[in-house]
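*Asks:*
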Amino acid sequence: MSREIELLNIITKEGKVSVADLSRRTNVSQVTIRKDLDQLEAKGLIGREHGFAVVLNADDLANRLARNYSTKRMIAERAAEMIQEGETVMIESGSCCALLAEEISRKKGFGRIITNSVFIANFIRDSRGINVTLLGGEFQRESQVNTGPMTKLCAGQFKVDKLFVGTDGFDKNSGFTGRDQVRTDTVRSMAESAKKVIVLTDSEKFGSSGLVHQFSFDEISTVVTDNGISREVADELMMHGISVVVAK
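Written as structure tokens, this is what we have:
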């Protein structure tokens, strides 16, 4: 486990931790810890107070990204391997999707990401080897995405090989679910521009269900998740023709 992930795990679990305590628990100097925390803060993963590292607002997407960071990173890395040279991809919002965008930005020969996520556009803003097309629309502050008729109109101008999306929950009878009607409706419109729709999610989401329908089984090509997915759920997905990729 890298020190960055170790620090994130401690901070997200405890909420507020002093630099001195982090130094003692990781067995490195306070100077080194401060440098590590500067990097985490620059990525938007934590906040800083005098002498302390703190979690961000619970509603902030960056806070959700910091939780189970190592698992989400593995999911993103595995998803990035699924993109072939010359393919065009669209990415919807979500913590796994943000990390995927970062992975893609490091791939040589990959030129553009299309997204409705302002968070993702900002998250990879320092990556010089990638161009970002940000779909316009009505800005949602909590999820930091653009939604609504304008986003749907913009998305319709593109034809992409793969759309990567997050999800808020799962229903064994109907498929994948979301919490926000407008955002869910927008991502369904984005899916109309893609040959394949791929869901990136940590396995915890299979234990909850959102309020609105997002995607039926037959609309999803692949699910990339972690090894916490139950055999029952994996079998259910595969029975409906969905490939299940477990990141390790």
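Residue numbers (the working numbering): 43 to 290.
Ideal Cβ placement from N, Cα and C applies to all residues, glycine included.
By a C-beta neighbour count over all protein chains shown, 10 Å radius and 16 as the cutoff for buried, is Asp-277 buried or exposed?
*Replies:* Answer is exposed; the Cβ neighbour count stays below 16.
*Asks:* Would Ile-53 and Ala-95 be called neighbours here (beta carbons separated by less than 7 Å)?
*Replies:* A contact, by the Cβ cut-off of 7 Å.
*Asks:* State buried or exposed for Thr-267, treating a residue as buried only when at least 16 other CB atoms are found within 10 Å of its CB.
*Replies:* By the 10 Å Cβ count, Thr-267 comes out buried.
*Asks:* Taking the straight line between their C-alpha atoms, what separation do you get for Asp-101 and Arg-183?
*Replies:* Here Asp-101 scores only 49 on pLDDT, less than 50, and its place in the model is too uncertain to base an answer on.
*Asks:* Out of Phe-248, Arg-109, Arg-45, Leu-141, point me to the one whose CA is closest to Phe-161's CA.
*Replies:* Cα-wise, what sits closest to Phe-161 is Leu-141.
*Asks:* Would you report the Cα separation of Val-241 and Phe-212, rounded to the nearest angstrom?
*Replies:* Answer to the nearest angstrom: the Cα atoms are 11 Å apart.
*Asks:* Quick check on the burial criterion: 16 or more other C-beta atoms within 10 angstroms. Buried or exposed for Leu-195?
*Replies:* It counts as exposed.
*Asks:* What do you reckon, are the CB atoms on Thr-193 and Thr-226 nearer than 7 Å?
*Replies:* The answer is no: Cβ separation not under 7 Å.
*Asks:* When burial is assigned at 16 or more other CB atoms within 10 Å of the CB, is Asp-222 buried or exposed?
*Replies:* The residue is buried, with at least 16 neighbouring Cβ atoms inside 10 Å.
*Asks:* Measure from the alpha carbon of Phe-248 to the alpha carbon of each residue in Lys-237, Ala-233, Ser-216, Asp-260, then state which is nearest.
*Replies:* Nearest option by C-alpha distance: Ser-216.
*Asks:* Do the region 198 to 208 and the region 270 to 285 touch if we need at least three Cβ pairs shorter than 8 Å?
*Replies:* Taking 8 Å as the limit for Cβ pairs, the verdict is that the region 270 to 285 does not touch the region 198 to 208.
*Asks:* Mind checking Met-116: buried by the 16 CB within 10 Å criterion, or exposed?
*Replies:* Counting Cβ neighbours within 10 Å, Met-116 comes out buried, since at least 16 surround it.
*Asks:* Taking only three categories from DSSP, how would you classify Asn-173?
*Replies:* Note: Asn-173 maps to strand in three-state DSSP.
*Asks:* So, with DSSP's three-state summary, where would you put Gln-186?
*Replies:* Coil at Gln-186, not helix or strand.
*Asks:* Roughly how far, in whole angstroms, is the beta-carbon of Val-131 from the beta-carbon of Ile-166, given that I think they are within contact range, below 8 Å?
*Replies:* No, Val-131 and Ile-166 are not in contact; Cβ-Cβ is about 13 Å, not under 8 Å.
*Asks:* So, is Thr-74 buried or exposed, given that buried needs 16 or more other C-beta atoms within 10 angstroms?
*Replies:* Thr-74 comes out exposed.
*Asks:* Out of Val-254, Gly-252, Asp-203, which has the shortest C-alpha to C-alpha gap to Lys-237?
*Replies:* When only C-alpha atoms are compared, the closest one is Asp-203.
*Asks:* Taking C-alpha atoms, which residue in Gly-128, Ile-133, Glu-129 lies nearest to Ala-118?
*Replies:* Among Gly-128, Ile-133, Glu-129, the Cα nearest to that of Ala-118 belongs to Ile-133.
*Asks:* Can you tell me where the beta strand (DSSP E) with Thr-219 in it begins and where it stops?
*Replies:* Run containing Thr-219: 217 to 220, per the beta strand (DSSP E) assignment.
*Asks:* I'd like to confirm the pairing. Which residues does DSSP put opposite Ser-285 in its beta bridges?
*Replies:* Ser-285 pairs with Thr-264.
*Asks:* Quick one: residues in its chain with C-beta nearer than 6 Å to the C-beta of Gly-179, no 5 flanking neighbours on either side, listed in chain order?
*Replies:* Hits under 6 Å: Asn-188, Thr-189, Gly-190, Met-192, Thr-193.
*Asks:* On the three-state DSSP scale, how would you describe Leu-242?
*Replies:* Strand at Leu-242.
*Asks:* Find out if the Cβ-Cβ distance for the pair Val-254, Gly-198 is shorter than 7 Å.
*Replies:* No, they are not a contact pair.
*Asks:* So, for Val-174: in the same chain, excluding its five sequence neighbours on each side, which residues have a beta-carbon less than 6 Å away from its beta-carbon?
*Replies:* Ile-155, Ala-163.
*Asks:* With DSSP run on the structure shown, which of helix, strand or coil describes Ser-44?
*Replies:* Reduced to three states, the DSSP call for Ser-44 is coil.
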